[in-house]
Amino acid sequence: MMHGETPASKPTGGGETLPAADTTHLSALEKPLVAPWLGWLLAVGLGVSVWAVDGVFGWRPTNVSPAGWRLLAIFLATILAFILRPLPDGAIVLLAIVTTLVTATLSVEQALAGYAEPTVWLVLAAYMIARAVIKTGLARRIALYFIRALGARTLGLAYALVATDTLLAGVIPSNAARVGGVILPIARALAEHYRSYPGPSAALLGTFLMLAIYQSDIVACAMFYTGQASNPLAALEAARVTASPAPQHVALLGSTGSAHVHRPVVLHYGNWLLYTCLPALVSLVVVPALTYRWCPPRVRHTPDAPQLARDLLQTMGPMSLKESIVLIIFGTTCLSWMLGGFLLGPKSITIVALMSVALLMLTGVLEWRDVVEERGAWNVFLWYGGLVQLGNLLRETSIPQAVARGLADYFGPLPLVLLFLLIVLVYFYAHYMFASITSHIVALYGAFAGILIVAGIPAPLAVACLAFLTNLSAGLTHYGTTHGPILFSVGYASTGEWWRLGLRLSFVNLGIWLAMGLVWWKLLGLW
Numbered sequence: 058m059m060h061g062e063t064p065a066s067k068p069t070g071g072g073e074t075l076p077a078a079d080t081t082h083l084s085a086l087e088k089p090l091v092a093p094w095l096g097w098l099l100a101v102g103l104g105v106s107v108w109a110v111d112g113v114f115g116w117r118p119t120n121v122s123p124a125g126w127r128l129l130a131i132f133l134a135t136i137l138a139f140i141l142r143p144l145p146d147g148a149i150v151l152l153a154i155v156t157t158l159v160t161a162t163l164s165v166e167q168a169l170a171g172y173a174e175p176t177v178w179l180v181l182a183a184y185m186i187a188r189a190v191i192k193t194g195l196a197r198r199i200a201l202y203f204i205r206a207l208g209a210r211t212l213g214l215a216y217a218l219v220a221t222d223t224l225l226a227g228v229i230p231s232n233a234a235r236v237g238g239v240i241l242p243i244a245r246a247l248a249e250h251y252r253s254y255p256g257p258s259a260a261l262l263g264t265f266l267m268l269a270i271y272q273s274d275i276v277a278c279a280m281f282y283t284g285q286a287s288n289p290l291a292a293l294e295a296a297r298v299t300a301s302p303a304p305q306h307v308a309l310l311g312s313t314g315s316a317h318v319h320r321p322v323v324l325h326y327g328n329w330l331l332y333t334c335l336p337a338l339v340s341l342v343v344v345p346a347l348t349y350r351w352c353p354p355r356v357r358h359t360p361d362a363p364q365l366a367r368d369l370l371q372t373m374g375p376m377s378l379k380e381s382i383v384l385i386i387f388g389t390t391c392l393s394w395m396l397g398g399f400l401l402g403p404k405s406i407t408i409v410a411l412m413s414v415a416l417l418m419l420t421g422v423l424e425w426r427d428v429v430e431e432r433g434a435w436n437v438f439l440w441y442g443g444l445v446q447l448g449n450l451l452r453e454t455s456i457p458q459a460v461a462r463g464l465a466d467y468f469g470p471l472p473l474v475l476l477f478l479l480i481v482l483v484y485f486y487a488h489y490m491f492a493s494i495t496s497h498i499v500a501l502y503g504a505f506a507g508i509l510i511v512a513g514i515p516a517p518l519a520v521a522c523l524a525f526l527t528n529l530s531a532g533l534t535h536y537g538t539t540h541g542p543i544l545f546s547v548g549y550a551s552t553g554e555w556w557r558l559g560l561r562l563s564f565v566n567l568g569i570w571l572a573m574g575l576v577w578w579k580l581l582g583l584w
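And the structure:
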């Protein structure tokens, strides 16, 4: 059993119980992808090799300073370490920051400036709100309400769990906490209620539920700015990429480039949801249904599930005062986030998030101990702030822009629509190489968005499309994002089942988001 996983109780002839959510150690999976010594050898080797191009051989672009070239070496080594994970993410970024100081690449003020970024504090605050939602039992109560309403049939049961996860994604940026801490314990207990255990009986119910939950959650991740912790990082990178000078160009499908050049594209909670809501809702309807068809459970009816949910709701009793407080704060926070970005600017959502945490502490829902012990939040805070600043300073060296221009010139002879599809597909399927959405964004997002923009794709379309599709690409493998290994480790689905379904559903999601999505984004003015 994986660390952080909650064991589900086994059926006892009518006295079944669903385990409560467990949020312990669900913030990140820190298992190295390769042996730590090999990870460090490869990461440090890459950094030293890049540095040696200038430090030993004396070659670097004339417009790049020696400190800028050292920063590139440190940044590339950090990306590779992020992928290989010889240490947890926060520790890797902390070591990168120390390296910039020891090598005199950055001053102390420059290295630590990222921790003043409002988005970093937004993510930290969202984790605290998530802790309150799960701690009070509100998340579990929401799941039971959905199961009571939809769970009489197996497909309806999947939709109930997916609806719970999607609702929670509106404010909980940790997909590991949502799925591993709330959804998985309930799903596993329900599977075992119908005698579906890992092994020969997995296909009765458990295989379908685990696959449907995972493939639907990546859509929820794409739907909300807070769907997973790296979405705000993509939004920051989008603003950086589009703030860089770009040539006039002819935009996609005949519109003129002059309408799209040179306003930084700001993605915030409200417009992110506006852009994703239509394709995401279609995917959320289609994905469980296709999973049901391609990985059919033998148990097609689950008449006990609604009654079990009713019994458990009765056992929980009426909603407590703390649950009511959290529900009110949850609702007002989401509404304020949706409207605040449009009316007051993106920084307002950070203020709202911090106010919500303050109210949760003042009302006694959260104790200071809860804030201090939220390990996942502080881990994200450490790597987020460091990466934000490294990315900001690297872009000032002009190296990423030069690489984007070179690649855009190379692909220039292709028709613009074909180039757009080619770059998007390469970016999407490159996720086979990544064990997290964060590493994918850090390694490729800025470069690929820059290529599209320089080649002539409208900047808003380029940065938004890649940000959304990064989440969807995590469905390709069982290690594509944080909660994938949590669900996979339970043992209900084999690697082959996971990868085959992931590939088939990738075609479906790409079809929805690149067909319906493009039409929707045209209506909204993204291109």
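Numbering follows the working numbering, with no gaps: position 103 of the sequence shown is 160.
C-beta atoms are modelled at their ideal positions from N, C-alpha and C, and glycine is treated no differently.
Looking at the structure shown, is residue i part of a helix, part of a strand, or coil, going by DSSP?
i                 : result
histidine 358     : strand
arginine 210      : strand
phenylalanine 478 : Going by the sequence as given, residue 478 is leucine instead of phenylalanine. Here leucine 478 sits in helix by DSSP.
isoleucine 456    : helix
threonine 420     : coil
alanine 410       : helix
asparagine 120    : coil
valine 576        : helix
methionine 376    : coil
lysine 88         : coil
phenylalanine 564 : helix
phenylalanine 114 : coil
glutamine 286     : Here residue 286 turns out to be alanine, not glutamine, going by the sequence shown. Of the three classes helix, strand and coil, the one that applies to alanine 286 here is coil, per DSSP.
threonine 299     : helix
arginine 320      : coil
tryptophan 329    : helix
glycine 398       : helix
threonine 348     : helix
phenylalanine 438 : helix
proline 336       : helix
List the whole-angstrom C-beta distance separating residue i from residue j, where the pair is believed to meet the contact cut-off of C-beta under 8 Å.
i              : j              : result
alanine 244    : leucine 218    : 6 Å
tyrosine 640   : leucine 330    : Residue 640 lies beyond the stretch modelled for the chain, which goes from 58 to 584, so this question has no answer here.
asparagine 328 : aspartate 146  : Not really, about 28 Å apart at Cβ, beyond 8 Å.
isoleucine 569 : proline 336    : 5 Å
valine 383     : valine 236     : Actually they do not touch by this definition, with Cβ atoms about 20 Å apart.
glycine 532    : isoleucine 275 : 5 Å
leucine 479    : isoleucine 270 : Not confirmed; about 32 Å, so no contact.
Apart from the five residues on each side of it in sequence, which residues of its chain come closer than 6 Å, Cβ to Cβ, to residue i?
i                 : result
histidine 497     : His488, Phe491, Thr527
alanine 209       : Pro360, Pro363
alanine 295       : Val322, Leu324, Val520
arginine 188      : Asp427, Glu431
alanine 524       : Ala291
serine 405        : Gly397
alanine 512       : Ala465, Leu476
phenylalanine 265 : Cys352, Pro354
glutamate 380     : Thr193, Leu195
Taking all protein chains shown into account, do 16 or more other C-beta atoms lie within 10 angstroms of the C-beta of residue i, making it buried, or fewer, making it exposed?
i              : result
arginine 127   : buried
proline 470    : exposed
alanine 316    : Note that alanine 316 scores a pLDDT of 37, beneath 50, so its modelled location is shaky and nothing firm can be said.
serine 563     : buried
isoleucine 385 : exposed
glutamate 453  : exposed
tyrosine 467   : exposed
histidine 592  : Outside the shown range of the chain, which is 58 to 584, sits residue 592, and nothing can be said about it.
leucine 262    : buried
glutamate 166  : exposed
valine 429     : exposed
leucine 268    : buried
leucine 95     : exposed
proline 257    : exposed
leucine 207    : buried
serine 586     : Given a span of 58 to 584 for the chain in the structure shown, any question on residue 586 remains unanswerable.
So, for residue i: in the same chain, excluding its five sequence neighbours on each side, which residues have a beta-carbon less than 7 Å away from its beta-carbon?
i              : result
threonine 160  : Arg127
leucine 464    : Ile508
alanine 92     : none
tryptophan 395 : Reading off the sequence, residue 395 comes out as methionine, not tryptophan. Once the five neighbours on either side are set aside, the close Cβ partners of methionine 395 are Tyr326, Gly327, Leu330.
alanine 277    : Asp222, Thr223, Ala226, Gly284
glycine 574    : Pro336
alanine 134    : Ala100, Val101, Leu103, Gly104
Short of 8 Å in beta carbon distance, which residues of its chain neighbour residue i, apart from the five on each side in sequence? Order them along the chain.
i              : result
asparagine 120 : Ser455
alanine 183    : Val228, Ile229, Pro230, Thr283, Ala410
Chain D beta carbons: is any one of them nearer than 8 Å to that of residue i?
i          : result
valine 323 : Checking the listed chains, one finds no chain D in this structure; it contains a single protein chain.
Going along the chain, which unbroken runs of the alpha helix (DSSP H) with 4 or more residues stay wholly within the stretch 125-160? 146-159
Just list the alpha helix (DSSP H) runs in the stretch 471-551, keeping only unbroken ones of 4 residues or longer that don't cross its boundaries, in chain order. 473-486, 494-497, 503-512, 516-530, 540-546
Tell me the start and end of each unbroken alpha helix (DSSP H) in the stretch 198-265 that is at least 4 residues and wholly inside, in chain order. Counting only runs that start and end inside the stretch 198-265, the alpha helix (DSSP H) elements of at least 4 residues fall at 211-226, 241-250.
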